[in-house]
Structures are given as C-alpha cells and as structure tokens.
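Position in the sequence shown (from 1) plus 26 gives the number in the working numbering.
I have placed the structure first, in the form of structure tokens, so that the comments after it can refer back to it.
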Amino acid sequence: MEQTGTRQANTMTTNEKWVMASTAAGFSLENMDIMFLSFALAPIIASLHISSAAAGWIGSITNLGMLAGGAVFGLVGDRIGRVKTFSYTTFIFAFATAAMFFAHSLPMIYLLRFLAGIGAGGEYGVGIALIAENFSTHQIGRMSSVAAIGGQVGAIFAALMAAWIIPSFGWNALFLLGIIPVVLTYFIRRHVHESASFLTAQKQAQQNHEKVAISRLFATPQLAVQTLGLMMMTIVQIAGYFGLMNWLPSIVQKQQGLTVSGSSLWMIATILGMSIGMVAFGTIFDRLGPQVAFGIFLLGSAAVMFVILVVKSATALILAGALIGFFSNGMFGGYGAMISRLYPTAIRSTANSMIMNVGRAIGGFSSVVIGILMDRYSLAVTMACLAGLYVVSFLVSQTLPGIRKLQH
Numbered sequence: 027m028e029q030t031g032t033r034q035a036n037t038m039t040t041n042e043k044w045v046m047a048s049t050a051a052g053f054s055l056e057n058m059d060i061m062f063l064s065f066a067l068a069p070i071i072a073s074l075h076i077s078s079a080a081a082g083w084i085g086s087i088t089n090l091g092m093l094a095g096g097a098v099f100g101l102v103g104d105r106i107g108r109v110k111t112f113s114y115t116t117f118i119f120a121f122a123t124a125a126m127f128f129a130h131s132l133p134m135i136y137l138l139r140f141l142a143g144i145g146a147g148g149e150y151g152v153g154i155a156l157i158a159e160n161f162s163t164h165q166i167g168r169m170s171s172v173a174a175i176g177g178q179v180g181a182i183f184a185a186l187m188a189a190w191i192i193p194s195f196g197w198n199a200l201f202l203l204g205i206i207p208v209v210l211t212y213f214i215r216r217h218v219h220e221s222a223s224f225l226t227a228q229k230q231a232q233q234n235h236e237k238v239a240i241s242r243l244f245a246t247p248q249l250a251v252q253t254l255g256l257m258m259m260t261i262v263q264i265a266g267y268f269g270l271m272n273w274l275p276s277i278v279q280k281q282q283g284l285t286v287s288g289s290s291l292w293m294i295a296t297i298l299g300m301s302i303g304m305v306a307f308g309t310i311f312d313r314l315g316p317q318v319a320f321g322i323f324l325l326g327s328a329a330v331m332f333v334i335l336v337v338k339s340a341t342a343l344i345l346a347g348a349l350i351g352f353f354s355n356g357m358f359g360g361y362g363a364m365i366s367r368l369y370p371t372a373i374r375s376t377a378n379s380m381i382m383n384v385g386r387a388i389g390g391f392s393s394v395v396i397g398i399l400m401d402r403y404s405l406a407v408t409m410a411c412l413a414g415l416y417v418v419s420f421l422v423s424q425t426l427p428g429i430r431k432l433q434h
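Here it is as structure tokens:
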C-alpha cells in the first residue's frame, strides 16, 4: 500500500503539499480550458458563420482527444513516471489552447481542440495516480475530491475572464490565457517527486518483464467485467454532468416560463453545491467506503432530477441547481480514488486515464441526446431518463465484487 507514517493524519509533508497543489492547479487549469470553449462557442458560431451542429463537434472532438490522450499518456505515466508525464501533458494542452488565438477556420479549431484534449485527457490519470501514491488509503477519497474542487475554481476564473475579455478583445484572445499552465510545469518538475511505491512497482515490473498495456485492464473475465462496469459508471457521470450543466437553465426557462435574473448567481450556486458535495463525498468515501458513498450520491442524483419539475421561482431554481450540483458532481473525485484502489500501482495511471476518458468520450454526447429528448418528449420524460441512468450506475456500484471488497 501507499505511503503511511506515524505522523498525525491532519498534517502533510512538504512533498504531499506540492502534490496536492500541483494536481489541484492542473485540474483547475484543465477545467478552465474546457469552460473557455463553453463561453466562446456562441461568438465562434457568429464569427465563422457555422451551424450549431458544426460547433457542437468542437466539444465532441475535444472529448475524443481526451480519450486518445488518456490511452497514450496513461501508458506513458506508468512507464516513465507520473511527474514527467504530468508536465508533458500540461505543456501540450497549454500550447494547444493558447494557439486558438491564431485559429480563424473551423478545421484549425478542430485540430487544436483535439490536441488540447490529448493533453487534458493524459493529465487526469497521472494526477490521480500521484495523489493515490502519496497519501494513505483512508485519505485518497478526500484528497482526490479536494483536487477536483480545483476544477471548480478554474470554472469560476474562466467565467470572470470570459465576461471581461470576449466583449473587449474577442473570443480568440480568451484562449491566450491557456499559456498559464506552462508556469505550473516548472514547479511540478522542481518540487514534486515520484513516490517510493511507484518506484518500487516500476522496478519490480522491469525485473519481472511485465508490460504496461491496456490489455491488462481486461486480463481476466472478472477484471474485464470490473473495467467495463467502471466505464459505464463514468459514462453516466459525464453524461449527467455535461447534459445538465448545458441544458438545465434553458430547460427551466423554456418549460417552466422562468428566467434567472443573474446567470452568475446560478453558476456560483451550482459550483458551490458541487464543491460542498465533493467534500461530503470524500469524507463518506474514506470513512464508510466507496459502495456506501456512491450508493448515497447516485440515488440522490436520481431523486433530484425530479426537483426541477416543481421549481416555481428563480430563487428555487438557483437552490435546485446547487442541490443537483451537490449530488451529480459531488462524486466526481471519487472515481479516481476508487480506480486507484482497485488496480495495482504498475497500471494505475493507465486504468484511471482509460476508464475516465471513455466516460468523457461517450458521455460527452449527452448534450445532443438530451436535446433530442427535449424536442420529442416532455421535460418529465427527459428527467426520468437521466434518473434511470443514475439508478443503473447505482446497481453497478453495489454489485461489482471489487467495489464491495473495498468496504471498511
């Protein structure tokens, strides 16, 4: 098992502090990059005179880049180390994002977003592996959730910058801020070090001539079922998050006839709900285990889908957004913590990268699916479909043997 010691649980070593600061900052900047695209999408459509469908592919291509980056850099992280790989992936998505300043055609945007996706997708697995290998088992849930909260900070920063830069300087200028992560790589390489557990596992793998390969995630029938089950859970996680965050405000405005006087209030309330949910989830995860934690939050996510049906005021809408954010995204950090405990150190980066980025690549299409459901059916049917997905994920979380064995 990973690092243990006699020091008090509420204290951290210098290296642990740097690990947390680096991963939280990395996830923050990654989410900042994703949110830049969200805020710039309407200006991109207007300036390039492209269809909504063509614009929609920008996000999908980014997700496909994340899948490719997860596959490549997950393996690289397990072969050459987490620290080097983390800095390489940060460089890639930083320069690809900043290069959007020079993108004035749709093909160029597609290419740069694919490259940015490669960097962002590769970063997740090695970042989570760093956390898992520098903290004890009973801290991983909380630490991975704290790092995930960094992503919400990135979202707030992106919103503030978009409101200031796009009206004054255009959408291209917003992406120049993508160069900021380059500074992060200096501190990563200077202050963050590989854990003893990784170095030991790497040495043993070399001595035993063990190959780091994606096929190891499916080496036995039991392992294949576990990997596919976890992929299904991440697909539901991403589908629910992106689908709800993209559609929820407009769903309520169109179906309930409401308006949100301050969109910033909606965003802040939802992000606060997510952040509080992450803290709560991480605590439950570490104290009671992943089966209980995911069980509570997945059933909670299914239940709150129907809250939106009874919203009758703008204030209630904001509170509903916070509640939905609490459950639907509160468990995000837990996937990395759970995967890290289910797979050995030698393939931990690969497992995290592949499982999460399959979820991103497939679940990312939820916005399109929800749009179709909204066009053809009622709001109640759409929410029921989302609730059904969470129930299916709940059943998987309660029946996978590996997850059940992780109970405290």
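Just so it is clear, CB atoms sit at the ideal spot from N, CA and C, and this is done for glycine as well.
Same chain only: Cβ atoms within 6 Å of L256, ignoring 5 sequence neighbours per side: I381
Selected residue, minimal CA-CA separation from L137, among Q248, G91, V102 and V152: G91
Beta carbon of M293 nearer than 8 Å to that of A188: no
Delimiting residues of the alpha helix (DSSP H) encompassing G167: I166 to F195
Span of the alpha helix (DSSP H), counted from its first residue to its last, around A94: S78 to I106
Sequence ranges, beta strand (DSSP E) only - wholly within the region 325 to 386, length at least 3: none
Start and end residues, alpha helix (DSSP H) containing L399: S392 to R402
Straight-line gap, P247 to L254 (C-alpha atoms, nearest Å): 11 Å
Straight-line gap, S77 to R402 (C-alpha atoms, nearest Å): 21 Å
Three-state secondary structure (DSSP) of S162: coil
Alpha-carbon spacing of A81 relative to I135, whole angstroms: 10 Å
Bounding residues of the alpha helix (DSSP H) (the contiguous stretch that carries E42): T40 to L74
Same chain, Cβ closer than 7 Å to G23, five either side skipped, listed in chain order: This structure leaves residue 23 out entirely; the chain is present only between 27 and 434.
Beta-carbon proximity check, N222 vs S366, cutoff 8 Å: It should be pointed out that residue 222 corresponds to Ala in this sequence rather than to Asn. No, these two residues do not count as a Cβ contact at 8 Å.
Close beta carbons around V208, own chain, < 7 Å, minus the five adjacent residues each side: F117 and A120
As assigned by DSSP and simplified to three states, the class of A125: helix
Coarse secondary structure for A239, derived from DSSP in three states: coil
Beta-carbon gap between F140 and L202 smaller than 8 Å: no
Within 8 Å, strictly: CB atoms of L399 and C411: yes
Assigned secondary structure, H130 (DSSP; H/G/I helix, E/B strand, else coil): coil
The alpha helix (DSSP H) enclosing V417, as first and last residue numbers: L405 to T425
Residues near A306 in its chain [Cβ-Cβ closer than 8 Å; skip 5 each side]: F352 and G356
CB of F268 within 8 Å of CB of S393, strictly: yes
Range of the contiguous alpha helix (DSSP H) that encloses T211: P207 to H217
Boundaries of the alpha helix (DSSP H) in which S223 is found, first to last residue: A222 to Q233
Contact set for G3: own chain, Cβ-Cβ below 6 Å, skip 5 residues either direction: With the chain represented from 27 up to 434, any question about residue 3 goes unanswered, as that position is not in the structure.
CB contact flag (G143, G204, <8 Å): no
F213 beta carbon near the ligand MG (any heavy atom closer than 7 Å): Absent from the structure shown: the ligand MG. Ligands present: none.
7 Å Cβ shell around L74 - same chain, five flanking residues per side excluded: L132
Inter-residue spacing [alpha-carbon to alpha-carbon] between G315 and L432: 6 Å
Nearest-angstrom Cα separation, counted from N89 out to A387: 5 Å
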